[in-house]
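When you number the sequence shown by my numbering, it's gap-free, plus one each residue, and the end is 301. Just so you know, even glycine gets a beta-carbon here, dropped at the ideal spot from N, CA and C.
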Amino acid sequence: MEALRSLNMLDTPPEERFDRLTRMAKRLFGVPVALVSLVDEERQWFKSNIGLNIRETSRDDSFCGHAILGEDAFVINDAKSDARFADNPLVLGDPNFRFYAGIPLRTADNLKLGTLCIVDYRPRELEPEDVNALGDLAAMASEELNAVKLATLDELTGISNRRGFMKLGRYCIAYSNRHKIPASLVFMDLNKFKPINDNFGHAEGDRALVTFADLMKQTFRTSDLVARLGGDEFAVLLVNSNKALTEELIGRFRESLDKINQERARGYEIAFSAGIVEFDPDRHSSIDALLKEGDKLMYAVKQGGR
């Protein structure tokens, strides 16, 4: 409890660094609800809440209160058939939980503060590799709780940095491959960004980067993984999106960017070149391979002046 209170995180607003993990969990496992919960003496409180219209429940009724007592994954395939939860108010009434899987979130000295968990309203089972993936996402949430130096968010723009993109992207690609659904990557590089810094100052260059990142968050789906890879390089990984759909989304993004350029009239225009590549498990053995091809395609576009 002392470690939990020292975080000063209870009853604070949502944060993107946790919401992006629950969005990813919801997408990866095809569940309606994904949560980052923190458990104190009397309740479980949701720091991140995707798909549920409540912010907390009693600890006595919580699934997460059970999960933090163990060391590994706590999985309930069908709560109505489990003696520990068959008469639980969360099972018998709204929101009618049936399936739960949670992994404890830990401090650096191994104190358990809460969970990253997924919930469904129907019975289901998790494959061992899915349990491992959930554990890896929980480890990332624990890293964020511990505020490790190797953060996975870009400080300037608030979207994923390269490290976060590579870690989450690995699971997206594995999920797409396992379930035979399409995925596409967009590698983007700003055009003539150096003159913005040279002519208007680095503070204005930073504002241009933030504007670009904010528009990415607004334009792409909440389940898409957007990142600033470094400098003026950005990427988007879209699960369940083929190349044609991705090109359509990039077209909308470009139109929105043109509109911002016209409205703000800052004396320069934010523009970009993009390489779009559809994931092919026969050619792309890793997220790194996908990035390299996207970078190559982007460079060809930039060299061609398109």
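Beta-bridge pairing of residue 256 - partner residues as DSSP gives them: DSSP, once it has assigned bridges, lists no residue as partnering residue 256.
Residue 117, buried or exposed, once every other Cβ within 10 Å from all chains shown has been counted against 16: exposed
Closest by C-alpha distance to residue 26, when choosing among 41, 106, 113: 113
Where the beta strand (DSSP E) through residue 183 begins and ends: 178 to 186
Where residue 267 sits in the DSSP three-state scheme: strand
Between the CA atoms of residue 292 and residue 298 - distance to the nearest angstrom: 10 Å
Residue span of the beta strand (DSSP E) that contains residue 71, given as start and end: 69 to 71
Within the segment 130 to 159, ranges of the alpha helix (DSSP H) (whole runs, at least 4 residues): none
Residue 52 in three-state terms, based on DSSP: strand
Residue range of the beta strand (DSSP E) that includes residue 21: From DSSP, residue 21 is part of no beta strand (DSSP E) but of the alpha helix (DSSP H) over 11 to 24.
Same chain, Cβ closer than 8 Å to residue 296, five either side skipped, listed in chain order: 268, 269, 270
Bridge partners - residue 101, DSSP secondary structure assignment: 107
Buried versus exposed, by CB contacts within 10 Å (16 or more), residue 87: exposed
Alpha helix (DSSP H) segment containing residue 78, residue limits: Careful: residue 78 lies outside any alpha helix (DSSP H) and carries neither H nor E.
Beta-carbon proximity check, residue 256 vs residue 177, cutoff 8 Å: no
Buried versus exposed call for residue 49 [16 or more other C-beta atoms within 10 Å across all chains shown]: exposed
Cβ-based neighbour list, residue 24, same chain, cut-off 6 Å, excluding 5 preceding and 5 following: 113
Under the three-state DSSP convention, the category residue 172 falls into: helix
The segment 11 to 21 / the segment 61 to 71 touching (three or more Cβ pairs under 8 Å): no
At least 3 beta-carbon pairs within less than 8 Å: the segment 159 to 167 vs the segment 275 to 287: yes
Euclidean distance between Cα positions of residue 234 and residue 157: 18 Å
Residue environment, residue 16, which counts as buried when at least 16 other CB atoms sit within 10 Å: buried
Residue 294 versus residue 216 - alpha carbon distance: 25 Å
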